[in-house]
Amino acid sequence: MNFDQLFIGGEWRAPATANTLTVHSAHDGQVVGTAPAASTQDIDAAVAAARAAFDHGGWSGASVAERVAPVERLTALFTERMDAMGELITSENGSPITFSKLGQVGGPLMMLLSAPAQAAAIEWEQARPGTTSAGFIVRKEPVGVVGAITAWNVPQLLIIAKIIPALLVGCTVVLKPSPETPLDALFLAQMIDEAGFPPGVISVVPGDGAAGEHLVGHPDIDKVTFTGSTAVGRRIAARCGQDLRRVTLELGGKSAAIVLDDADIDKTVRGLRFSSFMNNGQACAAQTRIVATRSVYHDVLNGLLDAVESMPVGDPNDEATEIGPLVSNRQWERVQGYIALGQDEGAK
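Count along the sequence shown from 1, then add 126; that gives the number in my numbering.
Take a look at the structure:
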């Protein structure tokens with residue numbers, strides 16, 4: 127799947143430069159597709175469109191029903207193209223196709239289906255008692271233009287989780303997806319285009335770290351939402367703090383499982399087999415630490431060893447595969463470094 131334009135201001139535009147992002151299959155190295163790499167000029171154009179749409183386009187003042195309508199049309203399109211989206215994500219990041227169907231597209235669909243009702247349930251204005259007889263009115267309003275930066279491991283889950291709530295409450299959004307997974311984001315942009323969102327309400331501009339930094343520091347961005355590494359998150363937090371800009375960060379996680387004496391070991395091991403290795407272990411929610419009481423420690427350890435050794439490794443497009451490739455050589459080298467560090471510190 128190849129793209130030669132960016133989705134900016136409700137239309138497909140030629141990028142300002144000839145720089146491209148080439149996506150190689152994590153499985154066999156073949157070229158999956160190409161996409162334009164957004165430059166700072168492209169980011170500026172997307173932010174300008176979002177600013178105009180928020181300030182003058184009517185989206186921020188639209189009713190909930192008016193904002194829900196294009197989201198529901200997008201949901202219908204996403205449902206029709208779920209299989210194609212799941213296959214595309216598997217080709218981009220190596221996620222086993224069974225997990226792509228479950229988490230990579232099933233999870234986003236659940237969010238799309240549930241978000242409109244949540245938006246409709248928001249109490250936008252409240253009367254509260256105060257020191258005066260008149261009391262106070264508390265009114266909720268959209269914050270403005272949102273810059274959303276997403277990671278490559280569960281790209282659609284992160285994109286939908288960021289853009290749909292923001293859109294439903296009246297914000298406009300500039301989305302910069304990861305350079306490792308630009309294709310699924312632009313595939314979604316095609317659906318956004320067909321769904322009929324007003325011009326400028328949502329733009330999709332895949333790019334590298336420099337594009338992301340430019341977006342974060344843009345004076346017309348009112349809020350930043352970022353999912354990615356702790357190191358980059360620190361830099362984003364510092365920049366947003368400098369500018370007094372709202373920011374939400376979802377950074378690396380360490381999820382622990384605690385196994386107590388009365389645990390059902392077989393059931394526990396089955397659960398850990400999935401939760402620790404889902405998406406090839408490339409998930410911030412993956413259980414990377416397991417703490418077991420002494421009385422069950424060896425049972426848990428031996429059960430996990432057997433479980434892991436039985437997991438089929440191979441082509442992520444094969445439904446029998448449970449462990450596919452890591453997303454890139456760089457990620458493989460990073461994991462090898464973690465393993466070596468653990469062994470140096472006494473891991474067996």
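The C-beta atom is built at its ideal place from N, Cα and C for all residues, glycine as well.
Identity of the residue in the options nearest residue i by Cα
| i | options | result |
| --- | --- | --- |
| residue 291 | 243, 214, 202, 383 | 243 |
| residue 323 | 256, 344, 293, 428 | 293 |
| residue 162 | 151, 179, 221, 139 | 139 |
| residue 400 | 303, 438, 379 | 438 |
| residue 398 | 433, 160, 339 | 433 |
| residue 374 | 363, 207, 444, 146 | 363 |
| residue 353 | 245, 208, 377 | 377 |
| residue 428 | 445, 297, 287, 396 | 396 |
| residue 167 | 178, 144, 154 | 144 |
| residue 435 | 319, 408, 403, 137 | 403 |
| residue 417 | 446, 387, 230, 343 | 387 |
| residue 487 | 288, 283, 188 | Because the chain is modelled from 127 through 474, residue 487 falls outside the range shown and cannot be assessed. |
| residue 419 | 155, 341, 384, 390 | 384 |
| residue 423 | 452, 147, 390, 411 | 390 |
| residue 207 | 260, 282, 392, 270 | 282 |
| residue 160 | 262, 128, 450 | 128 |
| residue 234 | 149, 209, 262 | 209 |
Backbone CA spacing between residue i and residue j [nearest angstrom]
| i | j | result |
| --- | --- | --- |
| residue 190 | residue 315 | 22 Å |
| residue 252 | residue 265 | 6 Å |
| residue 173 | residue 346 | 7 Å |
| residue 406 | residue 152 | 12 Å |
| residue 467 | residue 141 | 42 Å |
| residue 201 | residue 357 | 34 Å |
| residue 272 | residue 351 | 7 Å |
| residue 472 | residue 309 | 41 Å |
| residue 454 | residue 132 | 24 Å |
| residue 170 | residue 348 | 14 Å |
| residue 212 | residue 158 | 14 Å |
| residue 474 | residue 430 | 14 Å |
| residue 216 | residue 379 | 23 Å |
| residue 222 | residue 459 | 20 Å |
| residue 164 | residue 415 | 38 Å |
| residue 442 | residue 285 | 22 Å |
| residue 248 | residue 295 | 9 Å |
| residue 97 | residue 177 | Summary: the structure shown does not reach residue 97, with the chain confined to residues 127 through 474, and so no result is reported for it. |
| residue 319 | residue 289 | 14 Å |
| residue 335 | residue 360 | 14 Å |
| residue 134 | residue 470 | 49 Å |
| residue 307 | residue 231 | 14 Å |
| residue 245 | residue 204 | 20 Å |
| residue 381 | residue 464 | 17 Å |
| residue 228 | residue 214 | 14 Å |
| residue 220 | residue 137 | 30 Å |
| residue 340 | residue 156 | 31 Å |
| residue 370 | residue 225 | 39 Å |
Anticipated Cβ contact below 8 Å, residue i with residue j, distance rounded
| i | j | result |
| --- | --- | --- |
| residue 255 | residue 186 | Contact flag wrong, Cβ pair sits at about 29 Å. |
| residue 326 | residue 184 | Not really, about 11 Å apart at Cβ, beyond 8 Å. |
| residue 452 | residue 413 | Their Cβ separation, rounded to whole angstroms, is 18 Å, which puts residue 452 and residue 413 out of contact at 8 Å. |
| residue 149 | residue 192 | Not confirmed; about 36 Å, so no contact. |
Meets three-Cβ-pair contact criterion under 8 Å: the stretch 229-248 and the stretch 187-198:
Under the Cβ criterion (8 Å, minimum of three pairs), the stretch 229-248 counts as touching the stretch 187-198.
Ordered list of alpha helix (DSSP H) runs contained in the stretch 278-359, each at least 4 residues:
Runs of the alpha helix (DSSP H) inside the stretch 278-359: 281-294, 308-321, 335-342.
Is it the case that the stretch 330-342 contacts the stretch 298-314, given that we only count it when at least three CB pairs across the two stretches are under 8 Å?
yes
I'd like the ranges of any alpha helix (DSSP H) spanning at least 4 consecutive residues and lying wholly in the stretch 446-470.
455-470
Contact the stretch 259-276 vs the stretch 295-313: 3+ CB pairs below 8 Å:
When Cβ pairs closer than 8 Å are counted between the two stretches, the stretch 259-276 is seen to touch the stretch 295-313, the count reaching three or more.
My parser needs the alpha helix (DSSP H) runs of 4 or more residues fully inside the stretch 372-402; what are they?
none
Within the stretch 189-271, note down every full alpha helix (DSSP H) run reaching 4 residues or more, in order along the chain.
190-206, 208-219, 232-246
In chain order, what are the residue ranges of uninterrupted alpha helix (DSSP H) at least 4 long that sit wholly in the stretch 143-182?
166-182
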